[in-house]
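*Asks:* For reference, the structure I am asking about is given below.
In this note's numbering, the protein residues as written are 1 to 155.
Here it is as structure tokens:
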């Protein structure tokens, strides 16, 4: 139970940090490196699966990936770019903090319900994979849109 409370509190603190970082990042131009690097940095967390405590079954992997892709569609939908002068910026979205908090609440509710039936290690592994499955499609969609906008600017 203590693990569950700690993980929920930590998730909310991380969510608030992401909102603050994203809001500050919108003041600076976007480039390919800023879009591509976060999933690579996050990928190092997959080393957790070396430890048997965090390993997942095939069904848990599938569930995590499907949920991550569904959640990413909401982020893809709300992430837009705009051109200011000769630079490309993330367009401010008033919905982004609300969507991020909503996704965090949904993940928390799911975590509370499944924490009684899944070991804490597997649960951590599932939520890491869910988050990774959410960020990769989102960042790929952002990269596609960024490159498309960049090509339009060159013409």
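The beta carbon of each residue, even a glycine, is placed where N, CA and C say it ideally should be.
This structure is a prediction, so every number in the text was calculated from the model and none was measured.
#1: Would you mind reading off the limits of the alpha helix (DSSP H) that contains residue 49?
#2: With C-beta atoms as the reference, is residue 115 less than 8 Å away from residue 68?
#3: With a cut-off of 8 Å on the beta carbons, I'd call residue 126 and residue 82 a contact; round off their distance for me.
#4: What whole-angstrom Cβ distance do residue 146 and residue 30 have, given they're in contact under 8 Å?
#5: From residue 151 to residue 135, what distance separates their C-alpha atoms?
#6: Between the beta-carbon of residue 123 and the beta-carbon of residue 15, is there less than 8 Å?
#7: Taking the straight line between their C-alpha atoms, what separation do you get for residue 97 and residue 19?
#8: Per DSSP, what kind of secondary structure is residue 166 in: helix, strand or coil?
#9: How far does the alpha helix (DSSP H) with residue 23 in it reach, from first residue to last?
#10: According to the neighbour-count rule (16 or more other Cβ atoms, all chains shown, within 10 Å of its Cβ), is residue 139 buried or exposed?
*Replies:* According to the data block:
#1: Counting along the chain, no alpha helix (DSSP H) covers residue 49, and no H or E run does either.
#2: No.
#3: That belief does not hold up - the Cβ atoms of residue 126 and residue 82 are roughly 36 Å apart, past 8 Å.
#4: Right, their Cβ atoms sit about 6 Å apart.
#5: 24 Å
#6: no
#7: 6 Å
#8: Given that the chain is displayed from residue 1 to residue 155, the structure contains no residue 166 and the question cannot be resolved.
#9: 2-25
#10: buried
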